[in-house]
Structures are given as C-alpha cells and as structure tokens.
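Residue numbers (this note's numbering): 4 to 317.
A virtual CB, placed ideally from N, CA and C, is assigned to each residue, including glycine.
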C-alpha cells in the first residue's frame, strides 16, 4: 500500500495471497492505527460497490534540513533549506534561512523554529557539508563546523531521532533512487561546487562505504588538493575533476560516476574525459552520469536517510 497508494480489500488479498478473512481483520486494524484511511464506496467493473482504502502518508512527518553553499555578489556563503515532508515526500512546509555566520547556537535556533510549528515531527534528517563520526564533525566546509558535537547539542533541545549525513553522499544516493539505477552496481559520486572542495561518495551494492571515522571521500586531502588555497574555478576545476576520475576509476573501478559540477558544462567534462591520456589507457570504462536537479536529488537522499531503517525505505 505504501507504494501503490490506494486499493480495495479484494486487490490487497489478490496481490498478497492473504485470505479475505485475514485481510478484513488486518485492514480494520490498520484503519484504527491510522496507517490506512477509509475512502468512499467505488463501483468496480464487476460486482457491488466496494470501499477503497488509501495509505496515510501523513502518519509520519520528517524535518529535512540541508546546509548549502550559496553565492551572493561573488561571495561564498551558507544557507539552510528546511522542509517538512510526509512519507511520500510531499512538502507540507518549507523555509530558507541565511547561515552566513555559522554557529552551533544558530543552527539549533533554526531547528527549534521548525519544531515549534504546528507539525508533529517524527524524525530529523540533516545534510552537512562535512564528515561526522560518533556525532562529532571531523571535517567540514572551510573547517567551520569542525568539532561541533551536533548529535549531543540537538539531543539537548529535542528527543526526536536525528540522522546526519554528508551532502555528497545524500546527493549521490538520491540520484541513484530517482534514476532507478541497479543496486548491484558500484557508483562513485563526485560533488564539485565552484570555489569549494569536492566531496566523493562510494556506493556499492546498495551500501554506502564510509571508511575509517567516515572520512572516505574527503577529497580535500587528495595529493593535488591538500595544499590548495586558491579558489578552484573553470578549467582548474575541470582538470582537478579529471584527476579525481582517474584515481577512483583505478581504485574503485565503478560502473558509473555520478557528477554534480554545475559551474562547468557536462559537454566540457565529457570532452576532457575523452581526450585524457590517462583515462584512455585505463581498462575500466564507466558511464558518466550528471545530476540535473540538485535539490530534488538532495531531498530524495534526505528522505532515504530518515527512512532507510524503516518499513517505508524508499
């Protein structure tokens, strides 16, 4: 019912193989628990009108927060995009906040703002431009969140379960869900914003590979980037991306690369890959996939984050 949305009792019995008697009892219980909603009598193609039942997507609501980079007059800043969504991903409420002066107190204030709204939040999912381990941020955007004990701080203002994950990981996983990619494949995701350091994701056989202390894919520590202090833009960014592709194509040998690098064209990346002397010699020839809708992929990744250990995993 979660995937189908609506059905008659007879359809539930047919598709599950459960007896009609058992389905009658089960549906009654699920209606009482507000998992299903009783609809109208609807005339079927055969027989008498029957009641149609609808899955109650409002039975759980999630607060999804993404800390994102934004540009204002050639200046890099942060913002927080907040959404309250139901089990189907329908947005019940959304609001954006400037986060140009990031503080833990400021983040907690924004979270509390959403919690004070007239919605019963079941879980909170947070997309972070950084890496977190045991609740503590170890590496982050311009090192601004380093050593923030996020999980402990949030637990002091709410008992709602909180799930925090790296933005590149959520972006990649969200894209694989939206594109219905084969879960048996190995995917390497590369999120490379302009004037910023890239984030890399390794997603194989439906599992996220995070490494020791969840630091796998923290690309700013790669040899060609670790001492970089100048802004990375244009062809410099593309050249860096080609180096990353060459490294991960050998180390991981993915079926596909999923790339988000909005500041450069996809055609330019493909052209540079084609003319790369190193990539042309490598045996593995992965597909190059490009994220077209950043926010939708990120939101889908956040929904995966808050549902991945539940019956309603997307």
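Just the Cα atoms here: how many angstroms apart are residue i and residue j?
i	j	result
residue 57	residue 87	21 Å
residue 113	residue 160	11 Å
residue 122	residue 115	12 Å
residue 152	residue 299	28 Å
residue 179	residue 24	40 Å
residue 266	residue 301	18 Å
residue 343	residue 6	With the chain covering only 4 through 317, there is no way to say anything about residue 343.
residue 225	residue 29	55 Å
residue 208	residue 257	11 Å
residue 255	residue 9	42 Å
residue 270	residue 241	11 Å
residue 139	residue 93	31 Å
residue 174	residue 185	17 Å
residue 125	residue 206	27 Å
residue 44	residue 118	38 Å
residue 190	residue 48	46 Å
Assuming contact is defined by CB atoms lying nearer than 8 Å, are residue i and residue j in contact in what I supplied?
i	j	result
residue 251	residue 203	yes
residue 42	residue 55	yes
residue 227	residue 243	yes
residue 39	residue 4	yes
residue 131	residue 170	yes
residue 223	residue 200	yes
residue 263	residue 188	no
residue 196	residue 148	no
residue 67	residue 128	yes
residue 70	residue 102	yes
residue 309	residue 74	no
According to DSSP, what are the bridge partners of residue i?
i	result
residue 85	68 and 98
Given that a residue counts as buried once 16 or more other Cβ atoms are within 10 Å of its Cβ, and exposed if not, what is residue i?
i	result
residue 235	buried
residue 316	exposed
residue 168	buried
residue 50	exposed
residue 314	exposed
Sorry if obvious, but does the Cβ on residue i come closer than 7 Å to a heavy atom of the ligand FMN?
i	result
residue 294	By its list of ligands, the structure shown contains no ligand whatsoever, and the ligand FMN lies outside what it can speak to.
Could one say the Cβ of residue i lies closer than 8 Å to chain C's Cβ atoms, at least one of them?
i	result
residue 145	In the structure shown, chain C does not exist; there is a single protein chain.
Inset, instruction - Would you check if the segment 279-297 and the segment 204-224 touch, i.e. whether three or more CB-CB distances between them fall below 8 Å? - result: Segments in contact, no.
Inset, instruction - Assess, as a yes-or-no matter, whether the segment 33-44 is touched by the segment 266-277 under the definition of 3 or more beta carbon pairs within less than 8 Å. - result: Contact between the segment 266-277 and the segment 33-44 is absent, with fewer than three C-beta pairs closer than 8 Å.
Inset, instruction - Mind the definition here: the segment 59-77 touches the segment 85-103 only if three or more C-beta pairs lie below 8 Å; say whether that holds. - result: Verdict: yes, contact present.
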